[in-house]
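One structure is given below, encoded as C-alpha cells.
Chains as they are written, first to last, in this note's numbering: chain A, -14 to 395; chain B, -14 to 395.
Encoded structure:
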C-alpha cells in the first residue's frame, strides 16, 4: 500500500482543548508510519492551505514538544472563518484537490464547529463526485456544545468548568459585604444556553446563588426579571444572576440592543454594551442597590487553568479515534460522543461516527424540559448531564517564569 | 500568666489569599494554648464586632476543615468598609474596649489594606492612651500592592499571576486569526499600576504582546496612544494593550469619563463604561479594524485557580509571624515583607514589623524609574521584582462536584 500524507486544520473560535484534539490526530498519525507519511498542519485553516501556509509537525513540534500542545489553549495552527462555496462546480474545488494531489494527501482532518463540518461535508462530497480516494473526517470542537448527534462536544467541559468555578468564586466575592447587592454575570452563547446553564454547577447547597439563570432558549421579560430580583432580596442579601449574552425578548430583540438608540460615544457612534451592563444599570436604578456586571469574555474559551481532565482526555481520544476511523476507510464523518451509563450509574463515554451532512448547519439548544422555574433555572437532569464533563484537574506544567508552558508557532 | 482570647477580622476587598493569612493567624493562635484561650473571628470586621457577630474557630472550622480555609478565596469572615472616627474621644472607643474586656480579648488582629491599618492605628493608640494591655497587630492584604514600608503585599502575587497568565491566554486567543485586531485589557488599579505592570510577565519573547502597557502613574494621551497602535500594526497583526482602570489625561480626568456626557441608557441615566470599552470603540472607529475589550473585573482578586504558591505561603507566614510578635509584646505594628537576595541572586523573603502609623493613609505607586518607553512599558527591574512573586502552583483539592473545595460560613 502506497503511503499517503495526513493534513489537519483548525477552524472557528479557539477553545481550551482544540489543541488536545490536534494532539490526538497528530500523535496517532505519527503512530502509523507504514500507512501515513508526513503529518502536516494547515496554518489558518483551509484559507491558509489555499495560500500554501503549511507546516510539518515533525519539524515544528519534535519529540516532547508535541506533549505541550495538549495543554496549550487557543488554536496552535491558527484559525479561519472561511466558508467554501455552496456549488461544487466552483473552481476552488479542483484547485484544492490539485494541491492535495501534489502533496500526496490521503487523509484530511478538520477540527471545528458547525461551519467547519460544512467544509468537511463539501470536501467529502466533492471527493466522492470526482472519485478521489482522500478521506475527510471532522473533529468536533465548540464551547457552545451546540452540535447535533453527539452527547456533547470537546471544549464544552472545560468552558463549563471555567463558568462553574468562576461563578462560585464570584459568589464568594459577592458575599463579603452585608449590604444588598446584585451581580450580573454575562456568559457566552448567542443561541444555545449550555454554557450559561453550567453556572448552576456552581451551587454548593439548595437555595445558593446563582439565584436566577437565563438562557436564550426562552424569552426574557425585563419586568418579570426585576420582580424576581426584588423577591430574592426577601431571603438573600447578595443576589447573583447569570445570563446568556443572547437573551432576548418575546419579539426576538436582544436585551443588549435595548439601549442602542441612546448610547453613543463622543464621536456619535453607538456604544454597544452587553446585556449584563444593561441589566446592571436597570437594577441600580430600580432598587438603588449596589449593582455590578461581569462579562466572562474570551477567558471562558481559552483558560488552561480550568481545564477539565475529562474534557481534555475526550478531546485527545476523539482525535485518535478519527485517525483510526479514516485508516479503516471512513470518510465524510464527524467523530461523535456517545454516553454510556454503567450499571452503577457512573459516566462513561465512547466515540462514534456520524454522517457529517446531518450535522453541519444544524444547532442543538438546551431542551425545554431541562429549563424550569419560568425560564430562570435548569433542572437536575441538566446537572446530571453536565457534572461528569467538568471533572478532573489537569496539572499544567509551569515554566521558569512561573506560568504554564505552552507551545507557539514561530 | 492569665490566658487571654484572640480575635481576628478581615476588612476591605477580598483577595485570593486573605484567608491564607487568616489561616496563619488562627492556626498559630491555636498552637499556643498556654497563652491563648479562644480564637475568635469577627464577622464583617469591626462593624460586625460592634453588632456582636462573632464566631469561635474551633466550632466553626474544626480539625481539617481549617486546612481548606487556606485555599478559599474571598473573605471567610466577611468584610466591611467601616472607618473608625478620627477623634479617640468618640464614644465608640470605650464601647469597643468594653466589649474586648467582656470577651477577655488580649490579642487583636486585623487583615486588610490602608483603611484597615488605620483601624489598627486608632485601636492601638487608644489602648496606649487608656493603659489597656491589648495587643493590636495589622496583617497586610491588597492586590493593589500599594502599602508602603513593605516589599510587597500578600494578595498581589496571586493577582499578578492571574493577570500574567490570563493576558498570555488572551494573546494566544487573539493570534488565531490573520486579520488585524486590537485587544484592550482593563486591569484593576485606580492609583497604583502594579497589577497592570504584571501584564509584562505574560511576554514569552522580546517584542511579544502586550505591546503597550499603560499605568495610572503617568498621563495618558489618546492621540499618542492611537499613533502607537498604528505603528505597532507595521510589525504586528494582533495588538494587545493593557491599561489600568485608573488611566487619566494630563488634567487628571479619567479616560473612562470621556464618554460620560453622551452615553445614556433608555432611562436617560449615564452608562459608565470602562476605559477599555472607550478605547475599543476609539480604535475601531479610527482604524476600522476588529477591536475588543476585556475587563478583568473581580476574578483577578478571587481566583483560586491561579494562586501563586509563593504568595499563599507568604500570606500564611505573615499570619503566623504576627501572632508570634504579639506574644512577644508587640503592638501597633503591621507585619511587613523584607526581600533578601541570596548570594546566587535567588529570592528570599523575611517578615518584619513596621509602625502601623507610618503605613495607614499612605500609598506606594510604581516608581517612575520602572516605567519606560514614554509611559507604555515597564523595565527589566520591575520584571525582576515581580517574577518571583508569582511562582509555584497550588494544587487546590477538588470535590466530588469537580470544583475546588472551599469552606463557607453557615
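Each residue gets a CB set at the ideal place from its N, CA and C atoms; glycine is no exception.
About 5 Å separates the beta carbon of residue 167 (chain B) from that of residue 276 (chain B), a gap short enough to meet the 8 Å contact definition. Contact annotation: in the region 37 to 58 of chain A, residues whose CB is within less than 8 Å of a CB in chain B are 57, 58.
Cβ contact annotation for residue 117 (chain B) (same chain, cutoff 7 Å, sequence separation greater than five): 82, in chain order. Neighbours of residue -1 (chain A) in chain B, taken as residues whose beta carbon is under 8 Å from its own, are 157, 158, 161 in chain order. Taking the C-beta atoms as reference points, residue 287 (chain A) is found nearer than 8 Å to residue 1 (chain A). When rounded, the separation of the alpha-carbon atoms in residue 150 (chain A) and residue 206 (chain B) is 38 Å. Within the DSSP bridge table, the entry for residue 337 (chain B) names B:321 as partners. When rounded, the separation of the alpha-carbon atoms in residue 51 (chain A) and residue 57 (chain A) is 10 Å. Under the DSSP assignment, residue 187 (chain A) falls outside any alpha helix (DSSP H); it carries neither an H nor an E label. At least 8 Å separates the beta-carbon of residue 55 (chain A) from that of residue -4 (chain A). In the DSSP assignment, residue 265 (chain B) falls outside any beta strand (DSSP E) and lies within the alpha helix (DSSP H) extending over 260 to 272.
The C-beta of residue 358 (chain B) has fewer than 16 other C-beta atoms within 10 Å across all chains shown, which makes the residue exposed. DSSP places residue 154 (chain B) within a helical segment (H, G or I) once states are collapsed to three. Cβ-Cβ distances below 6 Å link residue 32 (chain A) to 65, 67 in the same chain, with the five nearest sequence neighbours on each side left out; the list follows chain order.
Collapsing the DSSP output to three states places residue 277 (chain A) in a strand. Comparing alpha-carbon positions, the option among A:-1, A:9, A:121 lying closest to residue 340 (chain A) turns out to be A:121.
In terms of beta-carbon proximity, residue 296 (chain B) stays away from the interface with chain A, with every pair separated by 8 Å or more. Boundaries of the alpha helix (DSSP H) harbouring residue 82 (chain A): 77 to 87, taken from the DSSP string.
Judged by beta-carbon spacing, residue 156 (chain A) lies beyond the 8 Å limit of residue 227 (chain A), meaning their Cβ atoms are not closer than that value. Proximity of chain B to residue 67 (chain A) at the Cβ level (cut-off 8 Å) is not reached, the minimal Cβ distance being about 11 Å. Within the same chain, 102, 132, 133, 134, 319 come within 7 Å of residue 344 (chain B) by CB-CB distance, once the 5 residues on both sides are set aside.
In the structure shown, residue 380 (chain B) adopts coil according to DSSP, grouped into three states. Annotated three-state conformation of residue 308 (chain B) is helix, per DSSP.
What residue 378 (chain B) touches in chain A, judged by beta-carbon distance under 7 Å, is 383, going in chain order. In this structure, residue 196 (chain A) and residue 217 (chain A) form a Cβ contact; the two beta carbons are roughly 5 Å apart against a cut-off of 8 Å.
For residue 153 (chain B), the neighbours in chain A by C-beta distance under 7 Å run, in chain order, 388. For chain A, the residues of the region 174 to 191 of chain B that bring a beta carbon within less than 8 Å of one of its beta carbons are 186, 187, 189, in chain order. Beta-bridge partners assigned by DSSP to residue -11 (chain B): B:21. Your pair residue 62 (chain A) and residue -6 (chain A) checks out as a contact, with CB atoms roughly 6 Å apart and the cut at 8 Å. Interface criterion not met: the Cβ of residue 210 (chain A) is under 8 Å from no Cβ in chain B.
Contact between residue 10 (chain B) and residue 179 (chain B) is ruled out by a C-beta separation of about 25 Å, above the 8 Å threshold.
The C-beta separation of residue 91 (chain A) from residue 126 (chain A) comes to about 23 Å, leaving the pair out of contact by the 8 Å criterion. The CB of residue 287 (chain B) comes closer than 8 Å to the CB of 154, 155, 157, 158 in chain A, given here in chain order. For the region 360 to 376 of chain A, the beta-carbon criterion of a distance under 9 Å to any beta-carbon of chain B is satisfied by 372, 373, 374, 375, 376. For residue 229 (chain B), the enclosing beta strand (DSSP E) starts and ends at 223 to 229.
Residue 393 (chain A) has a beta carbon lying within less than 8 Å of a beta carbon in chain B.
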